[in-house]
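Undergrad: If you scroll down you'll find the structure; I have some questions about it.
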């Protein structure tokens, strides 16, 4: 979704290598195609054998870092399982349920570092603005719909129906 795509833009901007995104095309192919266009090394489908493909791409090793932008319990637990020993799991997505089960023993035995992140710090936003400015063309690809503020219900409907990746409201 938009959080994942903006995270991808940030990772590419910061010079990260070998970025693998996971996307679903069941209801919409736009996000999958955008991940390719925005610089992902590979885009895997949710239906793929993701652990095998990640290890093939990483000389038999697990991932150094997994960033979950979905908040989906299955994706979170799969992400924990994708990490190499000592890897880092970063949670950015918000789960629908307030409490979700995680593969706790696997995380402990793999000695992974878990980071939960949501920030409102001034310094973080200054950095984000710089990244957005440097990547204006990529950001515009993610913002697929714009509506005047009075059409907020239509914007919401387009997002809910997955017709828009990211819709913004503007005040003409």
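In this note's numbering, the protein residues as written are 31 to 202.
Each residue gets a CB set at the ideal place from its N, CA and C atoms; glycine is no exception.
Do residue 49 and residue 41 count as a contact pair if the criterion is CB distance below 7 Å?
TA: Position 11 of the chain shown, counting from 1, holds the residue named residue 41. Position 19 of the chain shown, counting from 1, holds the residue named residue 49. Yes, they are a contact pair.
Undergrad: Grouping DSSP H, G and I as helix and E and B as strand, with all else coil, what is residue 131?
TA: In the chain shown, the residue the question calls residue 131 occupies position 101. Here residue 131 sits in coil by DSSP.
Undergrad: DSSP on residue 145, reduced to helix/strand/coil?
TA: Residue 145 sits at position 115 when you count from the first residue of the chain shown. In the structure shown, residue 145 sits in a strand (DSSP, three-state: E or B).
Undergrad: Take every Cβ of the segment 148–158, pair it with every Cβ of the segment 172–179, and state whether three or more of those distances are shorter than 8 Å.
TA: Cβ pair count under 8 Å is below three, so no.
Undergrad: Can you tell me whether residue 111 is helix, strand or coil according to DSSP?
TA: Stepping through the chain shown from its first residue, residue 111 is reached at position 81. Reduced to three states, the DSSP call for residue 111 is helix.
Undergrad: I need the boundaries of the alpha helix (DSSP H) containing residue 80, first residue and last residue.
TA: For this step, residue 80 is matched to residue 50 along the chain shown. Looking at the DSSP string, the run of the alpha helix (DSSP H) that includes residue 80 is 80–87.
Undergrad: In terms of residue numbering, what span does the alpha helix (DSSP H) encompassing residue 42 cover?
TA: If you number the chain shown from 1, residue 42 lands on position 12. That run of the alpha helix (DSSP H) goes 32–43.
Undergrad: What residues in its chain sit with their C-beta under 7 Å from that of residue 202, if we drop five residues either side in the sequence?
TA: In the chain shown, residue 202 corresponds to position 172, counting from 1. Around residue 202: 178.
Undergrad: Quick one: Cα of residue 62 to Cα of residue 77, how far?
TA: Locating residue 62 in the chain shown gives position 32, where the first residue counts as 1. Locating residue 77 in the chain shown gives position 47, where the first residue counts as 1. Going from the Cα of residue 62 to the Cα of residue 77 covers about 13 Å.
Undergrad: For residue 167, which residues in the same chain have their Cβ closer than 8 Å to its Cβ, ignoring the five residues on either side in sequence?
TA: Translated into the one-based positions of the chain shown, residue 167 becomes position 137. Answer for residue 167: no residue qualifies.
Undergrad: Quick one: what's residue 177 bridged to in DSSP?
TA: Counting from one through the chain shown, the residue named residue 177 turns up at place 147. Answer by DSSP bridge pairing, in chain order: 199.
Undergrad: Counting C-beta neighbours from all protein chains within 10 Å, is the total for residue 82 16 or more, i.e. buried, or is it exposed?
TA: Counted from its first residue, the chain shown places residue 82 at position 52. Classification of residue 82: exposed, given that the 10 Å Cβ count is below 16.
Undergrad: Are the CB atoms of residue 98 and residue 109 nearer to each other than 7 Å?
TA: The residue labelled residue 98 in the question sits at position 68 within the chain shown. The residue labelled residue 109 in the question sits at position 79 within the chain shown. Yes.
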